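This report concerns only the one structure given below.
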Amino acid sequence: DGGITQSPKYLFRKEGQNVTLSCEQNLNHDAMYWYRQDPGQGLRLIYYSQIVNDFQKGDIAEGYSVSREKKESFPLTVTSAQKNPTAFYLCASSIFGSRNNEQFFGPGTRLTVL
Amino acid sequence: QKEVEQNSGPLSVPEGAIASLNCTYSDRGSQSFFWYRQYSGKSPELIMFIYSNGDKEDGRFTAQLNKASQYVSLLIRDSQPSDSATYLCAVKSSGAGSYQLTFGKGTKLSVIP
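Chains as they are written, first to last, in our numbering: chain G, 58 to 171; chain S, 1470 to 1582.
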């Protein structure tokens, strides 16, 4: 089955700890995205990548880092510099250059700071 | 600042009625418009997109776009309890950053049996 997978589903972080969220897709999509969703809020873009070995900051990149070493994978690291990391994290992918840029989402990772 | 506005709801409709969800956007150069459905605790699911003025129908769903008024809507006919969810409007802008979607905060729909 083609799709986007994210792991883990739930993640608990202690203060001062870095954690990495996994995102993998087998849709052969070029572009991948990370969003954060807080209760009652819209999705906010953290980072995006259009091609391998290239990525750009979104609207709220501070305290986060990413890598794009493979087309299929776009992991997100939430660093200790992110002061309020508790949120629902969503990874998405799309065909880069398509007219409409339809983005498809993975199931999400819910991160809680203890 | 590109903005997408939605009434947060909740919007309650009886089963079998038409649900009407609305969205306005600030960037006049926006090109494409998307409706996502998000069940509680789940990720958003793309249900429709539209890029031309007018109506686009897909089963019980109709998206309507009026670029002059910067307004897009989603109609759900014969609403079912399974349609109860939060509906997110997203807009693809033009120019620099045209890969990005800007999301509204969503409208919560409740279909009453």
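No residue lacks a Cβ here, since even glycine has one placed at the ideal position from N, Cα and C. This one's a predicted model, so the numbers in the text were calculated from it and none came from an experiment.
Judged by DSSP in its simplified three-state form, S137(G) adopts coil rather than helix or strand. The three-state reading of DSSP puts D1527(S) in strand, counting E and B together. Residue A1554(S) holds the alpha-carbon nearest to the alpha-carbon of S1477(S) among M1517(S), S1562(S) and A1554(S). Within its own chain, the residues whose Cβ lies closer than 6 Å to the Cβ of T1571(S), once the five positions on either side in sequence are excluded, are K1471, V1473 and V1560, listed in chain order.
Counting the other Cβ atoms within 10 Å of the Cβ of Q63(G) gives 16 or more, which makes it buried. At a cut-off of 8 Å, the C-beta of F1530(S) has no neighbouring C-beta in chain G.
DSSP, reduced to helix, strand and coil, places P132(G) outside both helices and strands of the structure shown, so it counts as coil. Contact check between the region 127–144 of chain G and the region 72–83 of chain G: three or more CB pairs, one atom from each, fall below 8 Å, which counts as touching.
With a threshold of 16 other beta carbon atoms within 10 Å, K127(G) falls short and is exposed. The three-state reading of DSSP puts S1538(S) in coil, since its state is none of H, G, I, E or B. Distance between S130(G) and Q1569(S), taken at the CA atoms: about 19 Å.
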